[in-house]
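Participant:
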Amino acid sequence: MNQSHGLLRKSLISVLILLVAVTFLGMDPSYAAAKKPAKLKVSSSVKMTTAYTKKLNVKVTPSNSSKVTFKSSNPSIVSVSKSGKMTGKKLGTAKITVKTAKKTKSGKYLTKKVKVTVGICDTTKASEVKAYASDSSAKTVLVDARTADSYSGWALGSDKVGGHLKNAVSFSAQWLTVPYTTDTNEKHIPASENQTREDLLNRELKSNGMTKSKSYIIYDTNGKDAKTVAKYLINKKGFRSVCVYNAKKEFATASTKTESYKNYNLYVPAEVVKNISDHVVKGTALNDQAKTIVGDNNIVILDAAYASTGKYTKDGYNMDAPIDWSQEAYAKGHVPGAYPISTDDFEPEEPTDRSTSTSYRLRHTANGDIDDAKLIELAEKAGVTKDSCVIVTGFSSTLATSRIAVILKYLGVNNIHIMSEQKKGWEAKGYDLETGVNTPKQVSFGADKALNPDVIDTTAEFEKGLKRSDFQGVDMRTDAEWNGLASGYGYHDLAGRIAGTVHSPSGIGWNSSIVNYENPDFSMRTPAEIEALWKATGVDPSKHLSFFCGSGWRVSEVVWDAWVMGYTNTSIYSDGWQVWSNSGNDYIDKNGNTVHYDSATKTVVASK
Numbered sequence: 001m002n003q004s005h006g007l008l009r010k011s012l013i014s015v016l017i018l019l020v021a022v023t024f025l026g027m028d029p030s031y032a033a034a035k036k037p038a039k040l041k042v043s044s045s046v047k048m049t050t051a052y053t054k055k056l057n058v059k060v061t062p063s064n065s066s067k068v069t070f071k072s073s074n075p076s077i078v079s080v081s082k083s084g085k086m087t088g089k090k091l092g093t094a095k096i097t098v099k100t101a102k103k104t105k106s107g108k109y110l111t112k113k114v115k116v117t118v119g120i121c122d123t124t125k126a127s128e129v130k131a132y133a134s135d136s137s138a139k140t141v142l143v144d145a146r147t148a149d150s151y152s153g154w155a156l157g158s159d160k161v162g163g164h165l166k167n168a169v170s171f172s173a174q175w176l177t178v179p180y181t182t183d184t185n186e187k188h189i190p191a192s193e194n195q196t197r198e199d200l201l202n203r204e205l206k207s208n209g210m211t212k213s214k215s216y217i218i219y220d221t222n223g224k225d226a227k228t229v230a231k232y233l234i235n236k237k238g239f240r241s242v243c244v245y246n247a248k249k250e251f252a253t254a255s256t257k258t259e260s261y262k263n264y265n266l267y268v269p270a271e272v273v274k275n276i277s278d279h280v281v282k283g284t285a286l287n288d289q290a291k292t293i294v295g296d297n298n299i300v301i302l303d304a305a306y307a308s309t310g311k312y313t314k315d316g317y318n319m320d321a322p323i324d325w326s327q328e329a330y331a332k333g334h335v336p337g338a339y340p341i342s343t344d345d346f347e348p349e350e351p352t353d354r355s356t357s358t359s360y361r362l363r364h365t366a367n368g369d370i371d372d373a374k375l376i377e378l379a380e381k382a383g384v385t386k387d388s389c390v391i392v393t394g395f396s397s398t399l400a401t402s403r404i405a406v407i408l409k410y411l412g413v414n415n416i417h418i419m420s421e422q423k424k425g426w427e428a429k430g431y432d433l434e435t436g437v438n439t440p441k442q443v444s445f446g447a448d449k450a451l452n453p454d455v456i457d458t459t460a461e462f463e464k465g466l467k468r469s470d471f472q473g474v475d476m477r478t479d480a481e482w483n484g485l486a487s488g489y490g491y492h493d494l495a496g497r498i499a500g501t502v503h504s505p506s507g508i509g510w511n512s513s514i515v516n517y518e519n520p521d522f523s524m525r526t527p528a529e530i531e532a533l534w535k536a537t538g539v540d541p542s543k544h545l546s547f548f549c550g551s552g553w554r555v556s557e558v559v560w561d562a563w564v565m566g567y568t569n570t571s572i573y574s575d576g577w578q579v580w581s582n583s584g585n586d587y588i589d590k591n592g593n594t595v596h597y598d599s600a601t602k603t604v605v606a607s608k
């Protein structure tokens, strides 16, 4: 009996072991040698974004008959792991080949090709944008892809509110599309500056803290700009966590809270200038945006141009690239209704003998040899009164427009504005130019002296200011000029720096560079970026800032930007380095010695 039970127990155990073995061996792929794959099923096409990964769902019949492998036709667009997890790298399409590891009964491998389209993440919700605008995380970045004008405060197009959402940084789609090349359209930019579009874009990415490791929501109001920026960041810079959002609804709502530059309307976008131009030329009605700056004032549109020679031939310029910055450029095309105005008329003539001219070396008034009465006369000839609404345009140089604007501000024209972006912005909007010449009607300015004298510091005022603790002289010249290695001007031979000033260069390489203050489309960089530049170079905006360069040109644009930002306790030392050094004042030369120019001997001598 016991023996029978023992045999039965052994039999049951044997059966149980056999069942377990069969079960487990059936689940083991290695045991499936007898099982051949017969069918492979997977989606023929898949859509995904770079912002999120996605797994391919593959089914092999019979179940567990074979593992599968994955291979991408273009890993730079989409990569795939051994488990079938796809990662979008760039925008575009690629094919993922799915293949069984084992052959079918007929001796063939089963394969399927999956078309994978990597697109831009466009499913962002308003709540997500709101979260980005309110959080302080360094890992999330809200990006405004509209123009710098919209970002600064202008309500353009269908927008009812201007400015930008809180925490948003500016990276405009226009920077990617506007004509920009140092080889053709920008031949006046010398190799010493050598800032390509990509150089400036990289600078903006760095200054905004935009890196591949962060997550981005890029917004616009036209459904296009954000995608343009997203495509650039993904395809060119390798960013992945990038989504777009059309904020048309938010900016069409007047109650939406935004942030703007304090005096953003000192720069006027091409869209608004176009409306004002049409009003002047065609008599069309002013829109609400134009009305905010025009008011009841007489409108005067000026086209500012530099030089009457048409090409550079002096040191510091690209001598192999003559350009037309003369009044001929005005005749070829300008904003309709604009009057020509040449900076030559507002500047003293350069001396024939640049090294010995006494008259040039002694020019030390606020505007060189030209007194206020002469400046007022020139304004009158241009049709400008102290009560005019003046829009300064110009397709040759941002320096020329700001130079004229600052001089007119100095004289007493308070309602004065500069067209932002210059020719780049006008052409980017597709607006037509007017040819021929418009002749202004001479008027009475309405004052016989400068009404805003504090805009421009004389040499005496600047020298006195340097002795005050609440005053700071800011040298905007290049490194070479500051270090005394170059004067910066072919007609000026004294090189060095003024003791007691701080060095905050406006540009790189040549004496007209303003690249540190401009975006690729010539628009103004953001206040945050400019303030960061000031901080890095020791500029203290809590003090009165008197900006200077060689002769007042570069600093005219810088002080205008400062006013836009709300820093009105600022001025320019227009005479600048040239007059300071020419007048016999002490300065520090390239060797660190304190010297001055001796007019009697016409040499530079050591100071006591």
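Per the working numbering, residue 1 is the first one in the sequence shown, and the count goes up by one each step. Just so you know, even glycine gets a beta-carbon here, dropped at the ideal spot from N, CA and C.
1. Restricting to runs no shorter than 3 residues, where is the beta strand (DSSP E) found entirely within the region 100 to 164?
2. Going by C-alpha distance, which of V335, G88, S504, M524 is nearest L545?
3. Measure the beta-carbon distance from V294 to C389 and round it to whole angstroms, keeping in mind my assumption that it falls under 8 Å.
4. Residues in the same chain with beta-carbon distance under 8 Å from K55, minus the five sequence neighbours each way, listed in chain order, please.
5. At which residues does the beta strand (DSSP E) containing F251 begin and terminate?
6. Under the three-state reduction of DSSP, which class applies to D387: helix, strand or coil?
7. Run the CB neighbour count on S402, radius 10 Å, all protein chains shown included, and call it buried at 16 or more, exposed below.
8. Return the first residue and the last residue of the beta strand (DSSP E) that V555 is part of.
9. At which residues does the alpha helix (DSSP H) containing T256 begin and terminate?
10. Under the rule that 16 or more other beta-carbon atoms within 10 Å means buried, what is D288, buried or exposed?
11. Suppose contacts are defined by Cβ-Cβ distances below 8 Å. Is V58 in contact with V98 by that definition?
12. Whose C-beta lies closer than 6 Å to the C-beta of V78 among residues of the same chain, with five residues either side of it excluded?
13. So for L494, helix, strand or coil by DSSP?
14. Where S611 and Y587 are concerned, what is the direct C-alpha to C-alpha distance, given to the nearest angstrom?
15. Would you mind stating whether Y491 and S506 have Cβ atoms separated by less than 8 Å?
16. Which residues does DSSP pair with I588 in a beta bridge?
17. Report the CB separation of K105 from K36 in whole angstroms; it is logged as a contact under 8 Å.
18. Go through its chain and collect everything with a Cβ distance to K212's Cβ below 6 Å, but skip five positions before and after it.
19. With distances taken between CB atoms, is the gap from S172 to A148 smaller than 8 Å?
20. Got a sec? Which residues, its chain only, sit under 7 Å from A400 by beta carbon, not counting five neighbours each side?
21. For the putative contact between V384 and V300, defined by C-beta atoms under 8 Å, what is the C-beta separation to the nearest angstrom?
22. Out of D220, V579, L165, R146, state which residue places its alpha-carbon closest to the alpha-carbon of W175.
23. Any idea which residues DSSP pairs L40 with across the strands?
24. Look up K47 in the DSSP assignment and say whether it is helix, strand or coil.
25. Along the chain, which unbroken stretches of the alpha helix (DSSP H) at least 4 residues long are found entirely within the region 417 to 494?
26. Excluding five sequence neighbours on each side, which residues of the same chain lie with their C-beta closer than 8 Å to the C-beta of S444?
27. Ends of the alpha helix (DSSP H) at K282?
28. Using only CA atoms, which one of V244, L142, E204 lies nearest to T49?
29. Can you find the residues in the same chain that come closer than 7 Å, C-beta to C-beta, to G592, ignoring five residues on each side of it along the sequence?
30. In three-state terms, what does DSSP make of Y573?
31. Out of curiosity, what's the CA-to-CA distance linking D199 and L40?
32. DSSP on P340, reduced to helix/strand/coil?
33. For I120, which residues of its own chain have a beta-carbon under 6 Å away from its beta-carbon, when the five flanking residues on both sides are left out?
34. Hey, D457 and I572: beta-carbon distance below 8 Å or not?
Facilitator: According to the structure data:
1. 109 to 119, 140 to 144
2. S504
3. Confirmed, about 5 Å.
4. So the qualifying residues of the chain are S83, G84, K85, M86.
5. F251 -> not in any beta strand (DSSP E); alpha helix (DSSP H) instead, spanning 248 to 251.
6. Coil.
7. With a 10 Å radius around the Cβ and a threshold of 16 neighbouring Cβ atoms, S402 comes out buried.
8. That residue, V555, is in no beta strand (DSSP E); its alpha helix (DSSP H) goes 554 to 565.
9. No alpha helix (DSSP H) holds T256; DSSP gives it neither H nor E.
10. exposed
11. yes
12. S72, M86, G88, A94, V116, V118
13. Three-state DSSP puts L494 in coil, outside helix and strand.
14. Missing from the structure shown is residue 611; the chain here goes from 1 to 608 and no further.
15. The Cβ atoms of Y491 and S506 lie no closer than 8 Å to each other.
16. R497, T594
17. 5 Å
18. G238, F239
19. A148 is positioned such that its CB atom lies closer than 8 Å to that of S172.
20. A304, A305, Y306, T343, G394
21. With 8 Å as the limit, V384 and V300 qualify as a contact, their Cβ atoms being about 5 Å apart.
22. Taking only the C-alpha atoms, the option nearest W175 is R146.
23. V60
24. strand
25. 422 to 428, 459 to 465, 479 to 482
26. E380, T385
27. 270 to 282
28. V244
29. The answer is none, since no qualifying residue turns up.
30. coil
31. 50 Å
32. Of the three classes helix, strand and coil, the one that applies to P340 here is strand, per DSSP.
33. K227, A230, V244
34. yes
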